[in-house]
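Shown next, in structure tokens, is the structure this report addresses.
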Amino acid sequence: MPLIPEEPQIHESAQGPRATPASGRTAPTPRPVPGPRPAAPARPGRPGPNRPVPAQRSTPREPAPAKSVNPANPTNAAATPQLQLIPASAAGALDAAEEAVDLLLESGRAPNEVLVITTGDLHPWAAHELSFGETSYWAQHDARDDVFYADASAAGRAAPRPVVVVAVNGGTDTTVATALPLALTRAAALLIVCGDPQQINTVLGVAA
């Protein structure tokens, strides 16, 4: 299933600003821990004891259009989630995924409608929560109160959600090639992939 960038936007019910391409990103910059939002449960963020509320952006950003791809089977579009590719390096993929999640939430998506899958290092929230044991970690998944972050190797255990965001932030080609089809089965409405388009096409056996 090739992911070939085209002119895009976050379709479906998302009506906020579109995600910013992250192709020029360098290593992720530490961010404050996301905390409670005015009209939604707290979303997971960087590990920390109190998870303070991050400062509000003073000026809303106007991101440039992200690259997107169409479903592989247009005739089955009703049952196939929309696909979107946000170009990003392995080092910048997690930041790109975080920005995509922020835009989804700002545009009206509930936190518990979003699943984030990483192919390389664990998201800091997942690493922190797993330090307390898998039972506690998966209990939060089952509660469906917030955005949930999972490693590609454990994503098969995650329940489907309307939106799945994949951060191709490392991992082997085999891991990436396995994670993308799996993510597609977990996304009910929208699948966003943040990563290097050439790598993604290569692992799927498509010439870049």
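Note that numbering that gives the first Met the number 0 gives residue 155 to position 156 of the sequence shown, counting from 1, and the numbers run on in steps of one. Backbone N, C-alpha and C define an ideal beta-carbon position, used for all residues, glycine too.
| Asked | Found |
| --- | --- |
| Beta-carbon proximity check, GLY119 vs GLY155, cutoff 8 angstroms | no |
| Continuous beta strand (DSSP E) assignments of at least 3 residues falling wholly in the region 119-161 | 147-150 |
| Start-to-end residues for the alpha helix (DSSP H) that takes in VAL167 | Here VAL167 belongs to no alpha helix (DSSP H), and DSSP marks it neither H nor E. |
| Three-state secondary structure (DSSP) of THR79 | coil |
| LEU103 - DSSP class collapsed to helix/strand/coil | helix |
| Whole-number beta carbon distance between LEU190 and LEU93, since they are thought to touch under 8 angstroms | Not a contact, Cβ separation roughly 17 angstroms. |
| Start-to-end residues for the alpha helix (DSSP H) that takes in ASN200 | 196-202 |
| PRO161 and GLU97 closer than 8 angstroms at C-beta | no |
| For THR74, the three-state DSSP class (helix, strand or coil) | Only weak support is given to the placement of THR74: the predicted model assigns it a pLDDT of 41, under 50, and the question is left unresolved by the model. |
| 6 angstroms CB neighbourhood of ASN49 in its chain, flanking five on each side removed | At ASN49 the pLDDT is 42, less than 50, meaning the model places this residue with poor confidence and gives no usable figure here. |
| CA nearest to the CA of PRO123, picked from PHE147, ARG143, ALA186 and GLY107 | PHE147 |
| Under the three-state DSSP convention, the category ALA182 falls into | helix |
| Neighbour-count burial assignment, GLY194, 16 or more Cβ in a 10 Å radius | buried |
| Residue from ALA95, VAL115, ALA157 and ALA187 whose Cα sits closest to the Cα of VAL165 | VAL115 |
| Short Cβ contact (8 angstroms threshold) for VAL163 with ALA182 | yes |
| CA-to-CA distance, ARG108 to ASP101, given in whole angstroms | 9 angstroms |
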